[in-house]
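This note's numbering applies: residue -18 is where the sequence shown begins, and numbers increase by one.
In what follows, a single structure is set out as structure tokens and then discussed.
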Amino acid sequence: DFEMITDIGDGDWTIIYISGDAVVKGVFSITGENNCMIIVEDSLELLNDLEMPDDIFVKIYVMDSNDSDTDLTFYGGDAGVFEESTSTFEPERLEIVLYGENAYFDFAINSEVCAKIYCENGTVKIKNGSNTLFGSIYANQVYLDGSTSIVYKEASETVTSIGRFMDIDHWV
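Here it is in structure tokens:
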């Protein structure tokens, strides 16, 4: 069950509110000139690409209201604004925020995601296949498996790091 609300405030944002669990099997395509905010009450599974214009912002908020096992899942798709051939990527265009004590974000099976991911009290898991995150992660726990790369921007260059299981204690 979802509700779409358009022209909120000054008309720059379209809001999609999803109450309950949702599975998107085809390409999730965001079009138009408005920025888009997606608010998910329980969990969202994207089983294909999340397409978006390169001149808008998309924010996905997932609330862990029923403590489901996986709150947000990307399987086998691409998401965000990036162009591999020119090494151009803009993680600030796609922001993913997961709320809840046990929030959980999982992406796997040859996915490429260009985003800033916030999961302060939860876990981000990147697994199975060759996965790449162009952007950053702020989470309680991060689990990297398979052939996983994280590519992030510095002031004037792009850096790639590859790792395994790391939690907050690792960095403190």
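Every residue, glycine too, gets a C-beta built ideally from N, C-alpha and C.
Once DSSP output is grouped into helix, strand and coil, what is the label at residue i?
i: glutamate 82; result: coil
i: lysine 6; result: coil
i: leucine 31; result: strand
i: aspartate -12; result: Since pLDDT at aspartate -12 reaches only 49, below the 50 mark, its modelled position is unreliable, and no value is offered.
i: tryptophan 152; result: Here tryptophan 152 scores only 36 on pLDDT, less than 50, and its place in the model is too uncertain to base an answer on.
Provide the residue span of the beta strand (DSSP E) that contains residue i, from first to last.
i: methionine 18; result: 16 to 21
i: glutamate 71; result: Neither: glutamate 71 is in no beta strand (DSSP E) and is coded neither H nor E.
i: phenylalanine 38; result: Run containing phenylalanine 38: none; DSSP gives neither H nor E here.
i: isoleucine -4; result: -6 to -1
i: serine 130; result: 128 to 134
Pull the bridge partners of residue i from the DSSP assignment, please.
i: lysine 97; result: Glu76, Ser117
i: valine 62; result: DSSP lists no partner for valine 62.
i: aspartate 87; result: Thr54, Lys106
i: serine 92; result: Serine 92 is not bridged to any residue.
Relative to the C-alpha of residue i, which candidate in the options has its C-alpha closest?
i: aspartate 35; options: Leu75, Ser92, Tyr56; result: Leu75
i: leucine 125; options: Tyr133, Lys134, Ser111; result: Ser111
i: serine 0; options: Asp52, Tyr56, Ala60; result: Asp52
i: isoleucine 11; options: Val123, Pro72, Ile(-4); result: Ile(-4)
i: phenylalanine 128; options: Asn109, Gln122, Lys134, Ser117; result: In the sequence on display, residue 128 carries serine and not phenylalanine. Minimum Cα distance to serine 128 is reached at Asn109.
i: glutamate 14; options: Ser117, Ala89, Trp(-6); result: Trp(-6)
i: tyrosine 56; options: Val4, Asn121, Ser117; result: Val4
i: phenylalanine 70; options: Tyr99, Cys17, Thr113; result: Thr113
i: lysine 93; options: Leu28, Asn121, Ser24, Lys6; result: A small correction: the amino acid at residue 93 is glutamate; lysine does not occupy that position in the sequence shown. Glutamate 93 has its Cα closest to that of Leu28, out of Leu28, Asn121, Ser24, Lys6.
i: valine 132; options: Ser117, Asn121, Ala89; result: Ser117
Is residue i near the ligand HEM, judged by its Cβ being under 7 Å from some heavy atom?
i: threonine 113; result: This structure simply doesn't include the ligand HEM, nor any ligand for that matter.
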